[in-house]
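Worksheet: one structure, shown below.
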Amino acid sequence: MASIDLPDPETDGSTSVERAIATRTSRRSFARPPLELADVAQLLWAAQGVTHVRDGVEMRTAPSAGATYPLVAFLEVAPEGCAALDAGLYRYEPGAHRLEATVQEAIHDALTEAALGQAVVQAAPATIVLAAEAERTRRQYPDHGDRYVHMEAGHAAQNVHLVCESRTLQSCPVGAFDDDAVAATLELPARLEPLYLVPVGNRPADQ
Ligand SMILES: Cc1cc2nc3c(=O)[nH]c(=O)nc-3n(C[C@H](O)[C@H](O)[C@H](O)COP(=O)(O)O)c2cc1C
Numbered sequence: 001m002a003s004i005d006l007p008d009p010e011t012d013g014s015t016s017v018e019r020a021i022a023t024r025t026s027r028r029s030f031a032r033p034p035l036e037l038a039d040v041a042q043l044l045w046a047a048q049g050v051t052h053v054r055d056g057v058e059m060r061t062a063p064s065a066g067a068t069y070p071l072v073a074f075l076e077v078a079p080e081g082c083a084a085l086d087a088g089l090y091r092y093e094p095g096a097h098r099l100e101a102t103v104q105e106a107i108h109d110a111l112t113e114a115a116l117g118q119a120v121v122q123a124a125p126a127t128i129v130l131a132a133e134a135e136r137t138r139r140q141y142p143d144h145g146d147r148y149v150h151m152e153a154g155h156a157a158q159n160v161h162l163v164c165e166s167r168t169l170q171s172c173p174v175g176a177f178d179d180d181a182v183a184a185t186l187e188l189p190a191r192l193e194p195l196y197l198v199p200v201g202n203r204p205a206d207q
């Protein structure tokens, strides 16, 4: 299985959080140039990267109920979506800050179809897919685990949106999709359920 080390994430930037919040909006058409690996790395780190270790646990950029960390971030890359990556699907490994190829062929059209044919998915050079092993959180919180996992997906997605704003990238949250079709397209193991798609790409110069 192909493994790709990612460039280190930046932990500082020239855009304030307030500015990124003020300008964030869902953007659905993308500039043509493919994504840079450094941008991909920054977005995946924002979604689920490791920030520090507490009591032996690798803590992540997005909060997690009881630090159960049920989320798994995948990156779907369209043909020529990122110069450094072949089309296909990659799983982000937070601790190693690395990608592992999991589907080594283009699945862009199938993912678009699974997302009910949405033009924003078709147009995006890449889509971050947030999936969850909800059982990790349910075990600890039988009554509220499912709710917590959904909340966490929102935290991770918002991190991606705000980092896009700070980098002349752009993103759009996509929650309307056929769960089974997305799971099948991504060849997800049964323990993982897809929760959120976040198509990302470069921002047109006039936006
Ligand atoms: C949970 C959730 C699911 C969404 N699903 C979709 C979607 O499937 N397709 C889409 O184009 N936009 C989707 N959106 C984006 C909303 O349409 C958008 O956030 C809303 O119109 C407000 O606009 P803004 O994001 O520019 O502030 C979704 C947003 C959220 C929070």
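Numbering (full-length UniProt numbering), first residue to last: 1 to 207. Backbone N, C-alpha and C define an ideal beta-carbon position, used for all residues, glycine too.
Under the DSSP assignment, VAL198 falls in the beta strand (DSSP E) whose first and last residues are 193 to 202. Of the other Cβ atoms in all chains shown, 16 or more fall within 10 Å of the Cβ of ASP39; this residue is therefore buried. When DSSP states are grouped into helix, strand and coil, LEU186 belongs to the coil group. Here the stretch 70 to 84 makes no contact with the stretch 25 to 32; the two share fewer than three CB pairs at distances below 8 Å. Contact annotation: VAL163 and LEU43 have beta-carbon atoms nearer than 9 Å. For ARG139, the uninterrupted alpha helix (DSSP H) segment begins and ends at 135 to 140.
Look at which beta carbons fall closer than 5 Å to any heavy atom of ligand 1; those residues are THR25, SER26, PRO173, VAL174, GLY175 and ALA176.
With respect to ALA65, THR137 sits close: the two C-beta atoms are nearer than 9 Å. Secondary structure at ASP109: helix, using DSSP grouped into helix, strand and coil. Of the candidates GLU80, LEU195 and ARG19, GLU80 places its Cα closest to the Cα of ALA126. The shortest C-alpha to C-alpha distance from ALA106 to any of ARG54, VAL120, LEU130 and TYR90 is the one to TYR90. Rounded to whole angstroms, the Cβ separation of ALA62 and ALA156 is 4 Å, and the two are in contact under 8 Å.
PRO34 places its beta carbon 9 Å or farther from that of ARG60. In the structure shown, GLY88 falls within a strand segment according to DSSP collapsed to helix, strand and coil. Taking 8 Å as the upper bound for CB-CB distance, ALA96 and LEU188 are not in contact here, some 20 Å apart. In the DSSP secondary-structure assignment, HIS52 is bridged to MET59. When DSSP states are grouped into helix, strand and coil, SER16 belongs to the coil group.
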